[in-house]
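Colleague: The structure that follows is given in the form of structure tokens.
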Amino acid sequence: MLNVLRADFYKLRHLKSFYVIIVLTAFFDFVILSDLSFYPDSYQSTYDNFLQIAFYPFSVWQFMPLVIPLALGILICLLVTNDFSYGTMKDPVTLGHSRFNVFFSKCLVSGIAAIVILLACILVSLFTSILMFYGLNSDPSFRDIAQFGIRTLLEIGLSVAFAVLFTAIAFIIRHTAIVMAIHFSVALFVTMIISSVFLPSSPIFYAWLGNAMAKVSGAFSIEMVGIILAVIVIYLLVSILFGYGVFAKRDMK
Amino acid sequence: MQNHVLRTFDLTKKYGEQTALDHVNMTIEKGDIYGLIGRNGAGKTTLIRTITGLVSKSEGAIELFSHKEAKEIHRQRRRIGSIIEAPSLYPSYTAYQNMKVRQLTLGTPEEERIDKILKTVGLAATGKKKVRNFSLGMKQRLGLGLALLSNPDFLILDEPTNGLDPEGIREIRRLLLDLNESYNITILISSHILGELSKIATRYGVIHDGVLVDEFTNRELEMRCRQYLRLQVNDIERATFVLENKLQTTDYQVKDGEVLHIYDLLDQSGNICLVLAQEGVKVLTIESKGDDLESYFLNLMGGLQHA
């Protein structure tokens, strides 16, 4: 398992698109936050300190909950379906690694890539907030710091769930163009449709990862944290079981 | 002590109604260079994929390095190096990076082995050149290098000389013979270039419509493809008497009552006719015959087609 994981990390490290995606998503995050600085009336009346503003790109127009899954969709498509089209997916299998190891390694690497992208965005958010919004009404309290930490962890969980879901889709469909189209549709349209059809108070809002990402960035309760955690676990389990189930039974070419 | 590297027992693969492999019983001994022959779609690649675990079998069993348990077979696959159909390569990587990915997957620590293998397959000087810019022959050689990286006991090569120029084919042949002789690596090769295959293979298996129709050694092939003089005579008994007593040869066979296959005295057809004529035997026809692997295979396939 570790050997397959090492090889997959090597591939991730040598994937130039990975770095481009990190820079682009972080740049979009920066642009949205910078834009807020032009409306002092708006942010001064809404936020007490810079730490509360850091998640603004996740809530306004559900911008980052659309951008991050899109970025993951492209990245995971390159990571997984390329291996199918080059025929390199069969290498670890012919070398005696179990299909579960092959599948799970890809899920882990995708998940870690998702964490890196998300952390890059949050770091950019944090530094931009400090630079542009420092010295707002008050300094961040312990409660603000705790909420920021919990939000970050939940966003990480939701991003990893997105990554594993996309990895499973890529293993099931395999064809690069179709996988890319499905990833894009899932990342954009599902989130958009749910936000336009259902009210934010609806339970359906929690049930979809993209909307849950936006929800986490707003006010939240302990109950909501529990629900989000449950949603993450369910998506992870279903994606792994379904993706692996298909991959394990399928003949490889 | 058992020396089987691979044995299959009634190995069958079905895709719905279609049978791709039909009760294949195949044996490859340690040190063999086993040539797998068959037309396109005969089942060669399916057989190779089943052995390497890419395709699940519908029925039957596989024994790999004398192990039959699924878990153990999985483990033993580490001892196999393979190229299946085309070498699986990352086009945006260099030869070294492709080798590095394989080395990490294998978990072998020796970095210097990559350089050694690249030198062996003649790709040491490719430097930062991406694989997408490689010629077909270079890709094929890199594929072979990847297969060799694991220090395999058993090499499975599906069309390893595809796209190679004559010089490249000769290099690969030399390399495979060297690996087989120096390291006793067992090799299974499927190839369409039968002339080339006949220069290295020690055993053959012929697959047709998913059925392993024939298995024979190189020696048996030599016997089957032996050059001979085919003589049609009017008096077969007298002719055999003359062959044994006047021409001093017993290396012949009588076919269909009036035809002789003489495996000896191949360069003395004129003398044979003369002596037979002097002894009152009329030679109706005489021709020099014999097969190579290619014509033997084509004859066999032709026979199967009409069977």
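Line order of the protein sequences matches chains A and B.
Heads up: the first sequence is residues 42 to 294, going by my numbering.
Heads up: the second sequence is residues 509 to 815, going by my numbering.
Ideal Cβ placement from N, Cα and C applies to all residues, glycine included.
1. Along the chain, where does the alpha helix (DSSP H) containing GLU745 (chain B) start, and where does it finish?
2. Can you pull the chain A residues whose beta carbon is under 8 Å from the beta carbon of SER658 (chain B), in chain order?
3. Can you pull the chain A neighbours of ALA594 (chain B), defined as C-beta to C-beta under 9 Å?
4. Mind pulling the chain B residues with CB within less than 8 Å of MET293 (chain A)?
5. Starting from the beta carbon of ARG585 (chain B), find every residue of chain A whose beta carbon is closer than 7 Å, and list them in chain order.
6. Once DSSP output is grouped into helix, strand and coil, what is the label at THR596 (chain B)?
7. Starting from ASN44 (chain A), find everything on chain B with Cβ-Cβ shorter than 8 Å and list it in chain order.
8. Which same chain residues end up closer than 7 Å to PHE288 (chain A) when comparing Cβ atoms and leaving out the 5 residues on each side of it in sequence?
9. Do you know how far the Cα of ALA785 (chain B) is from the Cα of ASP800 (chain B)?
10. Rounded C-beta distance between GLN761 (chain B) and HIS769 (chain B)? I'm assuming under 8 Å.
11. What distance in whole Å lies between the Cβ atoms of ALA709 (chain B) and TYR542 (chain B), which are believed to be in contact at a cut-off of 8 Å?
12. Listing by chain order, which chain D residues have their CB less than 9 Å from the CB of LEU597 (chain B)?
13. Does the beta-carbon of PRO668 (chain B) have 16 or more other beta-carbons within 10 angstroms, so that it is buried, or is it exposed?
14. Among residues of its own chain, excluding the 5 on either side of VAL318 (chain A), which ones have a beta-carbon nearer than 7 Å to its beta-carbon?
15. Can you tell me whether ALA815 (chain B) is buried or exposed? The criterion is at least 16 other CB atoms within 10 Å of its CB, across all chains shown.
16. How long is the line joining the alpha carbons of ILE234 (chain A) and GLU571 (chain B), rounded to whole angstroms?
17. Alpha carbon to alpha carbon, how far is LEU199 (chain A) from PHE261 (chain A)?
18. Looking at C-beta atoms only, is the number of pairs between the stretch 584 to 594 of chain B and the stretch 517 to 537 of chain B that lie closer than 8 Å three or more?
19. Out of B:ALA569, B:ASP540, B:GLN526 and B:GLU537, state which residue places its alpha-carbon closest to the alpha-carbon of GLY549 (chain B).
20. What residue does the beta strand (DSSP E) around PHE517 (chain B) start on, and which one ends it?
21. Please name the residue in B:GLY561, B:ASP772, B:LYS565 and B:ASN742 whose C-alpha comes closest to that of GLN584 (chain B).
22. Taking 8 Å as the threshold (C-beta atoms), are LYS521 (chain B) and ILE715 (chain B) in contact?
23. Using a cut-off of 7 Å between C-beta atoms, extract the partners of VAL609 (chain B) located in chain A.
24. Flag HIS582 (chain B) as yes when its Cβ comes closer than 7 Å to any non-hydrogen atom of the ligand MN, and as no otherwise.
25. Quick check for students: name the residue ranges of the alpha helix (DSSP H) that lie wholly in the stretch 550 to 593 of chain B, counting only runs of 4 or more.
26. Under three-state DSSP, which class holds THR616 (chain B)?
27. So what does DSSP say about ARG711 (chain B), is it helix, strand or coil?
28. Kindly list the residues whose CB is nearer than 6 Å to the CB of ASP540 (chain B), restricted to its own chain and excluding five residues on each side of it in sequence; keep chain order.
29. If you run the structure through DSSP and keep just helix, strand and coil, what is ASN726 (chain B)?
30. If I measure Cβ to Cβ from GLY703 (chain B) and keep anything under 8 Å in the same chain, skipping five residues before and after, which residues do I get?
31. Between the alpha carbons of PHE230 (chain A) and ASN252 (chain A), how many angstroms are there, rounded?
32. Note down, in chain order, each residue of its chain lying with its Cβ closer than 7 Å to the Cβ of ILE701 (chain B), except the 5 sequence neighbours on either side.
33. With three or more beta-carbon pairs closer than 8 Å as the criterion, would you say the stretch 190 to 206 of chain A touches the stretch 148 to 158 of chain A?
34. Starting from MET534 (chain B), follow its DSSP beta bridges and name the residues at the other end.
35. Consider the Cβ of ILE588 (chain B): report whether some Cβ of chain A lies at a distance smaller than 8 Å.
Modeller: Looking at the atomic coordinates:
1. Following the DSSP letters along the chain, one finds GLU745 (chain B) inside the alpha helix (DSSP H) bounded by residues 744 to 753.
2. Neighbours of SER658 (chain B) on chain A, chain order: LEU136.
3. Near ALA594 (chain B) (Cβ distances below 9 Å), the residues of chain A are GLY128.
4. Here the neighbours are ARG557, LEU562 and VAL563.
5. Per Cβ cutoff of 7 Å: THR135, LEU136 and GLY137.
6. It should be pointed out that residue 596 (chain B) corresponds to Ser in this sequence rather than to Thr. SER596 (chain B) falls in the coil class under three-state DSSP.
7. Within chain B, the residues near ASN44 (chain A) are LEU612, THR613, LEU614 and GLY615.
8. Closer than 7 Å at the Cβ level, and outside the excluded window around PHE288 (chain A), lie ARG140, PHE144 and PHE212.
9. If you take the alpha carbons of ASP800 (chain B) and ALA785 (chain B), they lie about 32 Å apart.
10. Taking the Cβ atoms as the reference, GLN761 (chain B) lies roughly 5 Å from HIS769 (chain B), within the contact range of under 8 Å.
11. The Cβ separation is near 7 Å, so the contact holds.
12. This model lacks chain D altogether, as its protein chains are A and B.
13. Per the 10 Å Cβ criterion, buried.
14. The requested residue 318 (chain A) does not occur in the structure, where chain A is confined to residues 42 to 294.
15. Because ALA815 (chain B) carries a pLDDT of 49, less than 50, the predicted location of this residue cannot be relied on, and the following value inherits that uncertainty. With fewer than 16 Cβ atoms within 10 Å of its Cβ, ALA815 (chain B) is classed as exposed.
16. When rounded, the separation of the alpha-carbon atoms in ILE234 (chain A) and GLU571 (chain B) is 54 Å.
17. Computed Cα separation, rounded: 15 Å.
18. By the C-beta criterion, the stretch 584 to 594 of chain B is judged not to be in contact with the stretch 517 to 537 of chain B, since fewer than 3 inter-stretch pairs fall below 8 Å.
19. Ranking B:ALA569, B:ASP540, B:GLN526 and B:GLU537 by Cα distance to GLY549 (chain B) puts B:GLN526 first.
20. Where PHE517 (chain B) is concerned, the enclosing beta strand (DSSP E) starts and stops at 512 to 523.
21. If we check each option's Cα against that of GLN584 (chain B), B:GLY561 comes out closest.
22. Using a Cβ distance threshold of 8 Å, ILE715 (chain B) and LYS521 (chain B) do not count as a contacting pair.
23. Those within 7 Å of VAL609 (chain B) in chain A are ALA48, TYR51 and LYS52.
24. Although the ligand MN was asked about, the structure shown includes no ligands whatsoever.
25. Segments of the alpha helix (DSSP H) lying fully in the stretch 550 to 593 of chain B: 552 to 560 and 578 to 584.
26. Assignment of THR616 (chain B) by DSSP, reduced to helix, strand and coil, places it in the coil class.
27. Residue state, collapsed to three classes: strand.
28. Contacts found: THR694, THR710 and ARG711.
29. Helix at ASN726 (chain B).
30. Residues of the same chain with a CB within less than 8 Å of the CB of GLY703 (chain B), apart from the 5 flanking positions on each side, are ASP800, LEU801 and GLU802 in chain order.
31. Straight-line spacing of the CA atoms in PHE230 (chain A) and ASN252 (chain A) works out to 11 Å.
32. These residues qualify, in order along the chain: THR669.
33. Yes, since at least three Cβ pairs between the stretch 190 to 206 of chain A and the stretch 148 to 158 of chain A fall closer than 8 Å, the two stretches touch.
34. Within the DSSP bridge table, the entry for MET534 (chain B) names B:THR516 as partners.
35. Cβ-Cβ to chain A under 8 Å: yes for ILE588 (chain B).
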